[in-house]
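Undergrad: Below: one structure in structure tokens.
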Amino acid sequence: MPKTYFYDDVKIIKKPFKSKFRAFLIFFGIVIILSASVVSGVYLSRVLMVGNISSVMVYGGSSISRNEKVYYAVTLGQYDSIDEATSVGLGANVQGASGYVWNSGKYYVIGNIYNTRENAESVVANLQDTRYDVSILEIKLKKLKLSFADMENKQVKIIRDAIALYDEVYENLYDYSIKFDSKVYNNLAVCSYIANLRGRVKSSISAMQGLTSSDDRILCITGGLISIDSILDQLILQTIENRGTNYQLKYGISDVVHIQYETYNKL
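Going left to right, the sequence shown walks through residues 107 to 373 as this note's numbering numbers them.
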């Protein structure tokens, strides 16, 4: 076996074990990162081939979900007959209440409808000294879970926006009502805002009618919006002439909520 000779001016430096192990870990980590990049790239490529991921990000998926929603109606008594309820409602109109008659087995005369119990309870507390039997009626809109797997995401977004518009119409009319009663808006300002709101509803109706699907749910949602459009049209005429604008707005709010309630029950 040959001998190994070293010159006196040559030094041998042995690499510590820890340094070798650290270098191995770094190399192994680089290999894992490169492998993951390749795999994720292949996966993303396949996803883009199956469906356009950017479409999902922009328009949402093919399903529509809405949690249960509760409105709180301040009622001015419940009655066994619609004639009696209508008579009481007409009297409530004069005092600035909605006077809308809600049929839920019994006939309820509605003063106004609120989106929180706190607001409704505050109004009830202020009406304790009136001649009406004041209470709160919960109006529950059922949870929605709709799937339109056979439609493009862009088309489903049109439906999703149409459903959301029901809420927006309520919220806007409620806001106009509050600001009119507090004299922040006059009747002409309210009229202008309602006209703009109606334009959005008409645009949504047109978009819904442009969908090629004959799905009954689409027809139901569209029909509800057409009814709301009619309500807004009447409100525009009434606010221009300032014919009981305060109670007409509250009546319109109740009417819109009733249409939304009926529409949700059909979906």
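For glycine and all other residues, C-beta sits at the position ideal for the given N, C-alpha and C.
Nothing here was measured: the structure is a model prediction, and the numbers come from that model.
Leaving out five residues on either side along the sequence, give the residues of the same chain with a beta carbon under 7 Å from the beta carbon of L373.
TA: Your numbering for residue 373 matches position 267 in the sequence shown. Excluding residues within five positions, the ones whose Cβ falls inside 7 Å are L250, L252, R323, C326.
Undergrad: Give the secondary structure of L373 by DSSP, where H, G and I count as helix, E and B as strand, and everything else as coil.
TA: On the sequence shown, residue 373 is found 267 positions in, with the first residue counted as 1. L373 falls in the coil class under three-state DSSP.
Undergrad: Using the Cα positions of Y238 and A191, report the straight-line distance between them to the nearest angstrom.
TA: The count along the sequence shown starts at 1 and reaches residue 238 at position 132. The count along the sequence shown starts at 1 and reaches residue 191 at position 85. Approximately 12 Å between the Cα atoms of the pair.
Undergrad: By the three-class DSSP mapping on this structure, what secondary structure does Q366 have?
TA: As a working note, residue 366 is residue 260 in the sequence shown. Residue state, collapsed to three classes: helix.
Undergrad: Can you tell me which of Q315, A313, L279, L317 puts its alpha carbon nearest to the alpha carbon of Y299?
TA: Position 193 of the sequence shown, counted from the first residue, corresponds to residue 299. Among Q315, A313, L279, L317, the Cα nearest to that of Y299 belongs to L279.
Undergrad: Considering only C-alpha positions, which residue in the set V207, L271, I342 is nearest to S310?
TA: Position 204 of the sequence shown, counted from the start, is the residue given in the question as residue 310. Of V207, L271, I342, the residue nearest in Cα terms is L271.
Undergrad: On the DSSP bridge list, what partners appear for T181?
TA: Here the question's residue 181 lines up with position 75 in the sequence shown. T181 is bridged to I216, S241.
Undergrad: Starting from N209, follow its DSSP beta bridges and name the residues at the other end.
TA: Translated into the one-based positions of the sequence shown, residue 209 becomes position 103. In the DSSP output, where bridge partners are listed per residue, N209 has Y213.
Undergrad: How far does the beta strand (DSSP E) with L250 in it reach, from first residue to last?
TA: Counting from 1 along the sequence shown, the entry for residue 250 is found at position 144. 250-253 is the extent of the beta strand (DSSP E) around L250.
Undergrad: Which whole runs of the alpha helix (DSSP H) in the segment 280-324 are 4 residues long or more, in chain order?
TA: List check, alpha helix (DSSP H) in window: 293-315.
Undergrad: If contacts are defined as beta-carbon pairs under 8 Å, then Q301 and I265 qualify, I think. What distance do you get, rounded to the angstrom?
TA: Start at 1 with the first residue of the sequence shown, and residue 301 comes out as number 195. Start at 1 with the first residue of the sequence shown, and residue 265 comes out as number 159. Residue 301 is actually Ala in this sequence, not Gln. That pair is no contact at about 25 Å.
Undergrad: Restricting to Cα atoms, I'd like to know which of E368, N371, S171, Y367 is closest to D267.
TA: Residue mapping note: residue 267 aligns to position 161 of the sequence shown, counting from 1. That would be S171, whose Cα lies nearest to the Cα of D267.
Undergrad: Mind checking R349: buried by the 16 CB within 10 Å criterion, or exposed?
TA: What you label residue 349 is simply residue 243 of the sequence shown in a count that begins at 1. Result: exposed.
Undergrad: In terms of residue numbering, what span does the alpha helix (DSSP H) encompassing R349 cover?
TA: As a working note, residue 349 is residue 243 in the sequence shown. Neither: R349 is in no alpha helix (DSSP H) and is coded neither H nor E.
Undergrad: Helix, strand or coil, according to DSSP, for S360 in the structure here?
TA: Taking the sequence shown and counting its residues from 1, the one referred to as residue 360 is at position 254. In this structure, S360 counts as helix in the three-state DSSP scheme.
Undergrad: Which residues in the same chain have their Cβ closer than 6 Å to the Cβ of N371, if we skip the five residues on either side of it in sequence?
TA: As a working note, residue 371 is residue 265 in the sequence shown. Hits under 6 Å: none found.
Undergrad: Determine the burial state of A255: buried for a count of at least 16 other Cβ atoms within 10 Å of its Cβ, exposed for fewer.
TA: Walking along the sequence shown from the start, residue 255 turns up at place 149. Exposed: under 16 other Cβ atoms inside 10 Å.
Undergrad: Thinking just about the alpha-carbon of each residue, which of L331, T222, Q315 is nearest to the one in A261?
TA: On the sequence shown, residue 261 is found 155 positions in, with the first residue counted as 1. Note on identity: in this sequence residue 261 is Gln, with Ala being the wrong assignment. If we check each option's Cα against that of Q261, Q315 comes out closest.
Undergrad: With a threshold of 6 Å on Cβ separation, who are the neighbours of W208 within its own chain once the five nearest residues in sequence on each side are excluded?
TA: Numbered from its first residue, the sequence shown carries residue 208 at position 102. Closer than 6 Å at Cβ, skipping near neighbours: Y214, I216.
Undergrad: Give the secondary structure of L247 by DSSP, where H, G and I count as helix, E and B as strand, and everything else as coil.
TA: As a working mapping, residue 247 is identified with position 141 in the sequence shown. Looking at L247 - three-state DSSP - the assignment turns out to be strand.
Undergrad: Which residues bound the alpha helix (DSSP H) around S228?
TA: By 1-based counting over the sequence shown, the position of residue 228 is 122. Note, S228: alpha helix (DSSP H), 223-232.
Undergrad: Decide yes or no for the touch test of the segment 172-191 against the segment 225-241: beta carbon pairs closer than 8 Å, at least 3 of them.
TA: Cβ pair count under 8 Å is three or more, so yes.
Undergrad: Could you say which of D321, T328, S283, Q234 lies nearest to S312 if we only look at CA atoms?
TA: As a first step, residue 312 must be located in the sequence shown, where it is residue number 206. Of the candidates D321, T328, S283, Q234, the one whose C-alpha sits nearest the C-alpha of S312 is T328.
Undergrad: Identify the residues that DSSP records as bridge partners of V275: which are they?
TA: Translated into the one-based positions of the sequence shown, residue 275 becomes position 169. Looking at the DSSP assignment, V275 forms no beta bridge with any residue, so it has no partner.
Undergrad: Comparing C-alpha positions only, which one of D335, Y276, K356 sits nearest to V176?
TA: Residue 176 sits at position 70 when you count from the first residue of the sequence shown. If we check each option's Cα against that of V176, Y276 comes out closest.
Undergrad: Just mark I188 as buried or exposed, buried being the case when its beta carbon has 16 or more other beta carbons within 10 Å.
TA: For the purposes of this step, residue 188 is taken as the residue at position 82 of the sequence shown. Counting Cβ neighbours within 10 Å, I188 comes out exposed, since fewer than 16 surround it.
Undergrad: In three-state terms, what does DSSP make of S168?
TA: On the sequence shown, position 62 is the one that residue 168 refers to. Three-state DSSP puts S168 in coil, outside helix and strand.
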